[in-house]
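Quick note: to get the numbering used here, add 91 to the position in the sequence shown (first position is 1).
No residue lacks a Cβ here, since even glycine has one placed at the ideal position from N, Cα and C.
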Amino acid sequence: REELLLPIYYQVAVHFADLHDTPGRMQEKGVITDILEWKNARSFLYWRLRRLLLEEMVKVEVLKANSELSHIHIQSMLRRWFMETEGAAK
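Have a look at this one:
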């Protein structure tokens, strides 16, 4: 009986997971801020990775200047510097 029901349970589990992993559902739950179109994904991920790598380089430089700062404090400083130069729109 278990072998007979296993494929059915598997299909139900896959369908359940598919319903919960849609971009619309993820945006609705606040997990993602926007739905990314596939044709823009490569460019988006490139610039995102580039920004994160540059942020890490800046964090290292800040730590060299003041090794007593915590990572949270440095992140806060970066966010404030960004807001001062770019504003809240970006």
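Collapsed DSSP secondary structure at residue 120 in the structure displayed: coil
Please tell me whether residue 165 and residue 155 are closer than 8 Å, where the distance is taken between their beta carbons. no
Taking the alpha-carbon positions, what's the residue 110 to residue 126 distance? 16 Å
Can you give me the start and stop residues for the alpha helix (DSSP H) that residue 128 sits inside? Premise fails: residue 128 is in no alpha helix (DSSP H) and is neither H nor E.
Smallest Cα separation from residue 122: which of 128, 147 and 113? 113
For the ligand SAM, any of its heavy atoms closer than 7 Å to the Cβ of residue 116? Absence of the ligand SAM from the depicted structure is noted, as is the absence of any ligand whatsoever, leaving it without description.
Note down the Cα distance separating residue 135 from residue 92, rounded to an integer number of angstroms. 49 Å
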